[in-house]
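Just so we're aligned: the sequence shown equals residues 1 to 269 in the UniProt record's numbering.
Okay, structure first, notes after.
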Amino acid sequence: MKPALHTVTSAPALPAYVATGNECALFEHAWRHQLPVLLKGPTGCGKTRFVAHMAARLGLPLHTVACHDDLTAADLTGRYLLKGGDTVWTDGPLTRAVREGGICYLDEVVEARKDVTVVLHPLTDDRRILPLERTGEELAAPKSFMLVVSYNPGYQTLLKALKPSTRQRFVAIEFGFLAPEQEIAVVSAESGLPPDRVRPLVALAGRLRALRGHDLEEGVSTRLVVYCATLIAAGTPIADAVLAGMIEPLTDDSDVKAALLDVARAVIG
Ligand SMILES: Nc1ncnc2c1ncn2[C@@H]1O[C@H](COP(=O)(O)OP(=O)(O)O)[C@@H](O)[C@H]1O
Ligand SMILES: [Mg+2]
């Protein structure tokens, strides 16, 4: 069994986040009123960064779980583990977040097994409880506890779509790509490459995103533009950085790749 990828952050420095609308205020209102939040949008557009930023801003510990297809309810709630001959109950990340009154962030929640929704439901309605079947406990979530989940609608097969009975328990915020000027500022700040040198990369990203749906499943993420700019800032020739950072990650098809390279040459020169 794959272990749950789980990171805990508490009282971190404020991770940089450039807002694109009212998402920060919306998130804060949701937290103050004990409403769970669903973040939807393409990969690499800032969902995880946004949660890290808001957790730090609100002074809340953040438990992040990268969901995968082996992830079970017990991975989130906890289990009895053998410790020197004794079996000892060990809280999972969701249970810890509930006990501490922090944020539990389930990244790519649709990847998780179906039984996960069973533990989420009583936490996401006005009961706000986490029943721990194995220990017989029933934890009442403190006011500061918040459940945040993310998913990528572009990516889902019908089988993996989030069920209405689950999704209708969340306030949902849609994430998209940043406006060009904002993306230039973000990429420049993250990579250290001056804005004037980032500008053509963001222009190229815009052109490649316009091809989405035709030959490409997904457009270039801001993350990839940051990678590309980081390579250039480190001294990689632009053409090599664009190929490795913005073209190769998008496709394995040689015809599609050739077409993307044509676009890159037209934009970057
Ligand atoms: N609005 C934003 N503000 C700051 N950085 C951003 C923003 N959007 C994207 N990024 C950059 O893109 C990277 C990927 O974002 P991430 O939050 O991991 O995406 P997602 O969780 O949506 O897949 C971040 O590490 C950051 O460098
Ligand atoms: Mg993410």
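Glycine included, every Cβ here is placed at the ideal spot set by N, Cα and C.
In this text the structure is predicted, and so the values were computed from the model without any measurement.
Inset, instruction - Determine the direct distance from the alpha carbon of Asp70 to that of Met1, and round the result to whole angstroms. - result: A caution first: Met1 carries a pLDDT of 46, below 50, which makes its placement in the model too unreliable to give a value.
Inset, instruction - Count the other CB atoms, across all protein chains shown, that sit within 10 Å of the CB of Gly46; report buried if there are 16 or more and exposed otherwise. - result: buried
Inset, instruction - For Lys40, verify whether its CB is less than 6 Å away from any heavy atom of ligand 2. - result: no
Legend entry - Outcome for Asp255 when other beta-carbon atoms lying within 10 angstroms are tallied against a minimum of 16: exposed
Inset, instruction - Consult DSSP for Pro142 and reduce its assignment to one of helix, strand or coil. - result: coil
Legend entry - Proximity below 7 Å, CB of Val198 to CB of Val187: yes
Inset, instruction - Tell me where the alpha helix (DSSP H) around Arg207 begins and ends. - result: Pro195 to Ala210
Inset, instruction - Could you please go through the chain and list the residues whose beta-carbon is closer than 5 Å to any non-hydrogen atom of ligand 1? - result: Tyr17, Val18, Thr43, Gly44, Cys45, Gly46, Lys47, Thr48, Arg49, Val186, Glu190, Thr222, Arg223 and Val226
Legend entry - Residues near Val220 by beta carbon distance below 7 Å, same chain, minus five either side: Ala205, Leu208, Arg209, Met246 and Leu250
Inset, instruction - Please state whether DSSP places Cys104 in a helix, a strand or coil. - result: strand
Inset, instruction - Take every Cβ of the region 128–147, pair it with every Cβ of the region 102–110, and state whether three or more of those distances are shorter than 8 Å. - result: yes
Inset, instruction - Using DSSP bridges, identify the partner residues of Val148. - result: Val37 and Tyr105
Legend entry - Integer Cβ distance of Pro15 from Gly154, believed to fall under 8 Å: Actually they do not touch by this definition, with Cβ atoms about 25 Å apart.
Legend entry - Exposed unless 16 or more other CB atoms sit within 10 angstroms - verdict on Val65: buried
Inset, instruction - Name, in chain order, the residues that DSSP records as bridge partners for Gly78. - result: Asp91
Inset, instruction - Could you check if Pro237 is buried or exposed, using at least 16 other CB atoms within 10 Å of its CB as the buried criterion? - result: exposed
Legend entry - Per-residue DSSP class, three states only, for Ala19: coil
Legend entry - Coarse secondary structure for His68, derived from DSSP in three states: coil
Inset, instruction - Please state if the CB of Gly269 and the CB of Ala233 are separated by a distance shorter than 7 Å. - result: no
Inset, instruction - With a threshold of 16 other CB atoms inside 10 Å of the CB of Asp107, please say whether the residue is buried or exposed. - result: buried
Legend entry - the region 46–64 / the region 72–91 touching (three or more Cβ pairs under 8 Å): no
Inset, instruction - Can you tell me which of the three DSSP states Leu231 falls into? - result: helix
Legend entry - His29, buried or exposed, once every other Cβ within 10 Å from all chains shown has been counted against 16: exposed
Inset, instruction - Please report how far the alpha carbon of Asp196 lies from the alpha carbon of Val242, in whole angstroms. - result: 16 Å
Inset, instruction - May I ask whether a heavy atom of ligand 2 can be found less than 6 Å away from the beta carbon of Asp252? - result: no
Legend entry - C-alpha distance - Glu111 paired with Ile184, whole-angstrom precision: 32 Å
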